[in-house]
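S.K.:
Residue numbers (this note's numbering): 398 to 552.
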């Protein structure tokens, strides 16, 4: 268990570890299709954040990258693929991610702020991963509505 997440229950710890991937899946599938470009971008982001994040948030990404990242992305994407509508998939993912609101007070405040910023960065980068012509109009309306993660409170 990561030291920075030591005050979390096992379920909260799992959510904190899954949240970056869940955010990527939520944004990537907002238009109904989680494209290979979006999955690849999510994988690249997590691997990059091992070195780029501050306040020991990089340790969370290091653990994610070391712990069968591809299998975890596939597993979490498969959980949401079974929903018959985009709306049900989004509701499921949003409700899971709203669990972070209960976790923030259990984290060091600086760590929580950096972690929140980090998952918002993932949302924006995944939204920009596919679509558009010559880089214009890359973010769909659906992605734009979700990428600010307004349903997750700031720590």
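Just so you know, even glycine gets a beta-carbon here, dropped at the ideal spot from N, CA and C.
Since residue 523 contacts residue 425 with CB under 8 Å, what's their CB separation in whole angstroms?
M.R.: For this step, residue 523 is matched to residue 126 along the chain shown. For this step, residue 425 is matched to residue 28 along the chain shown. Yes, they are in contact, since the Cβ atoms of residue 523 and residue 425 sit about 5 Å apart, within 8 Å.
S.K.: When you compare only the Cα positions, how much space is there between residue 535 and residue 452?
M.R.: Taking the first residue of the chain shown as position 1, residue 535 is located at position 138. Taking the first residue of the chain shown as position 1, residue 452 is located at position 55. For residue 535 and residue 452, the distance between alpha carbons rounds to 31 Å.
S.K.: Provide the residue span of the alpha helix (DSSP H) that contains residue 641, from first to last.
M.R.: A query on residue 641 cannot be resolved here, the shown segment of the chain reaching from 398 to 552 and no further.
S.K.: Report the residue from 402, 412, 401 whose alpha carbon sits nearest the alpha carbon of residue 495.
M.R.: Within the chain shown, residue 495 is the residue found at index 98, counting from 1. It is 412.
S.K.: Output the boundary residues of the alpha helix (DSSP H) element that contains residue 546.
M.R.: Locating residue 546 in the chain shown gives position 149, counting from the first residue. Segment: none, residue 546 is in no alpha helix (DSSP H) and carries neither H nor E.
S.K.: Count Cβ pairs between the segment 483-495 and the segment 415-425 that sit closer than 8 Å; are there 3 or more?
M.R.: At 8 Å Cβ cutoff, the stretches touch.
S.K.: Taking just the CA atoms, how far does residue 521 sit from residue 541?
M.R.: Your numbering for residue 541 matches position 144 in the chain shown. Your numbering for residue 521 matches position 124 in the chain shown. Near 9 Å, if we compare the C-alpha coordinates of residue 521 and residue 541.
S.K.: With DSSP run on the structure shown, which of helix, strand or coil describes residue 478?
M.R.: Here residue 478 refers to the residue found at position 81 when the chain shown is read from its first residue. The answer is helix: DSSP assigns residue 478 an H, G or I state.
S.K.: Tell me which residue opens and which closes the alpha helix (DSSP H) that residue 494 is part of.
M.R.: For the purposes of this step, residue 494 is taken as the residue at position 97 of the chain shown. Unbroken alpha helix (DSSP H) run through residue 494: 483-495.
S.K.: Can you round the beta-carbon distance between residue 401 and residue 468 to whole angstroms, since I take them to be within the 8 Å contact cut?
M.R.: By one-based count along the chain shown, residue 401 stands at place 4. By one-based count along the chain shown, residue 468 stands at place 71. With a Cβ gap of about 24 Å, residue 401 and residue 468 do not count as contacting.
S.K.: Between residue 439 and the rest of its own chain, which residues show a CB-CB distance below 6 Å, the 5 nearest in sequence each way excluded?
M.R.: Position 42 of the chain shown, counted from the start, is the residue given in the question as residue 439. So the qualifying residues of the chain are 421, 523.
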